[in-house]
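Using the numbering used here, read the sequence shown as starting at 2 and increasing by one per residue. Ideal placement from N, C-alpha and C gives every residue a C-beta, glycine not left out. Quick notes on the structure that follows.
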Amino acid sequence: MKRAAAGVVFGLTALMCLGVALVSARYFFPNPVGAEGMAIHLAARPAVLIAHVAGGVTALAIGVFQLVTRRGPRRVWHRWAGRVYVLAVLIGSVAGLGLALTSTAGPMAHWGFGLLAVAWFSTTVMGWRKAVAGEFGQHRRWMIRSLSLTFAAVTLRIMLPLIPLTGMDFVEAYRWVAFLCWVPNLLVAELWIRLSGWPEAPTRALQTSPRSR
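This is the structure:
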């Protein structure tokens with residue numbers, strides 16, 4: 002029963018990630034439909050916006066599937082896909098920071114999306130470093146944090162259509178969304194990590210296995 006429920010959650014998460022990635026890909030084409038909110042960035046800094054979208058779309062499309070158990074040939078896929086994911090996040094987060102600092106929604110949005118970019122970059126780099134060091138327990142923990150921040154692209158798009166229902170001014174609500182689209186994600190990820198029972202101590206599975214000698 003638990004496995005079936007987990008499968009449903011994974012399936013829905015994957016569909017949402019792929020859906021947002023597909024919709025976001027419209028920025029790769031001239032005059033994207035429904036891009037009024039990004040019109041200023043498209044006009045003033047199109048290269049930065051495209052870099053952010055490219056990194057985010059790639060991370061969304063790849064990241065969720067990195068949670069699947071890695072065995073046999075899948076381990077090779079996991080490593081190579083992981084490298085692409087890390088590169089995508091580095092590009093997307095650096096570009097995202099540039100967009101955050103030039104947001105027209107004011108200082109609160111600058112801080113919200115800026116901290117998201119920094120946290121996204123930092124958790125991903127930590128996850129990559131732990132993998133390189135062979136500390137796979139810690140690697141998994143950090144990458145789950147990273148993936149929860151990648152998922153902010155999904156929660157942001159869930160929240161934006163709900164703003165009119167709050168009765169708040171759109172810009173004022175958007176400033177709160179700059180934090181709400183990712184802070185709860187990170188808290189849920191942290192709770193998942195704590196309840197998972199994964200060891201906090203580093204595990205050097207690769208270095209201690211007979212195959213690695």
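- Counting along the chain, G198 sits inside no alpha helix (DSSP H), nor does DSSP assign it H or E at all.
- Take the alpha-carbon of P162 and the one of L116: they are about 23 angstroms apart.
- Taken atom to atom, the span from the alpha-carbon of R80 to that of T167 is near 43 angstroms.
- Rounded to the nearest whole angstrom, the CA to CA distance from Q67 to F137 is 13 angstroms.
- About 7 angstroms separates the beta carbons of Y28 and L50, which is inside the 8 angstroms limit, making them a contact pair.
- DSSP, read as helix, strand or coil, puts S104 in coil.
- Rounded to whole angstroms, the separation of the alpha carbons of V65 and A15 is 6 angstroms.
- Under the three-state reduction of DSSP, A7 is assigned to helix.
- The criterion of a C-beta distance shorter than 7 angstroms is not satisfied by L102 and H53.
- Sequence-distant Cβ neighbours of R142 in its own chain, meaning closer than 6 angstroms and more than five residues away, are I194.
- In this structure the region 82–92 does not lie against the region 31–41, because fewer than three pairs of beta carbons, one per stretch, are closer than 8 angstroms.
- Rounded to the nearest angstrom, the gap between the Cα atoms of W177 and R158 is 14 angstroms.
- At least 7 angstroms separates the beta-carbon of V184 from that of M17.
- Contact annotation: the region 117–137 touches the region 146–155, with at least three C-beta pairs closer than 8 angstroms.
- Taken through DSSP and simplified to helix, strand or coil, C182 comes out as coil.
- Under the 10 Å beta carbon count, V58 is surrounded by 16 or more other beta carbons and is classified as buried.
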